[in-house]
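Visitor: Sharing a structure below in structure tokens format, with a few things to ask.
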Amino acid sequence: MKQTKLYNVILPIWLLLLFPQMWLIVVPGNLIVDCAVLLITLAVLKHQKKRTVLKQLWWKFWLLGFAADAIGVAWMILGWTLSLPFGDGWENTVGHITHNAFAHPAAFLWTLAGTAIAGACVYFFDKKAMSKCELLTGRERHVIALVMAIVTAPWLFFVPVY
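Here our numbering is used: the first residue of the sequence shown is 904, the next is one more, and so on.
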């Protein structure tokens, strides 16, 4: 009789960490990071109305950041779902996506792609959110969106859960 291992039938373990108790840390932590990155970027750009820009954009960046992360999570779930029909052989390669991205090169590349997709979404979402902000120049919008994308991409996808 073949032994079946059920690592996690519904969702990857790392995603379950986000529910529900982790929301108490993730939500305010994400807000603090987004605001800090925006303020520091504006300071480096020597923008004169940092607080006004922050007041106008903080909630957009915060909510759109969650949307971008959700797209990255969907990519990760897709990888996990695709690994299901292949059993142990696949589990020993790409199936590590949801457990340990460093366990196999394919899992690392899939996780890197998920992080990059979410980061690209952050860039485009934030750039769109700033389109009506008359306090920023086109160059400032580009720099802010790029810094937000790089710094706030979901790098925690790489944290092994075992």
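Where is the CB? At the ideal position from N, CA and C, for every residue including glycine.
Who are the near neighbours of L1049 in its chain, counting only those whose CB is closer than 7 Å to its CB and skipping five residues on each side?
Guide: Closer than 7 Å at Cβ, skipping near neighbours: Y1026.
Visitor: Is the segment 952-970 touching the segment 1001-1015, taking contact as three or more C-beta pairs under 8 Å?
Guide: In short, these stretches do not touch, since the Cβ pair count stays below three.
Visitor: What is the rounded straight-line gap between the Cα of R1042 and the Cα of L957?
Guide: Going from the Cα of R1042 to the Cα of L957 covers about 17 Å.
Visitor: Are A970 and G1022 closer than 8 Å when you measure CB to CB?
Guide: Not a contact, by the Cβ cut-off of 8 Å.
Visitor: Which of the three DSSP states, helix, strand or coil, is assigned to I1053?
Guide: Correct three-state label for I1053: helix.
Visitor: Which of the three DSSP states, helix, strand or coil, is assigned to Q959?
Guide: It is helical.
Visitor: Expressed to the nearest angstrom, what Euclidean distance is found between the alpha-carbon atoms of K1031 and A1009?
Guide: Cα to Cα, the separation comes out at about 33 Å.
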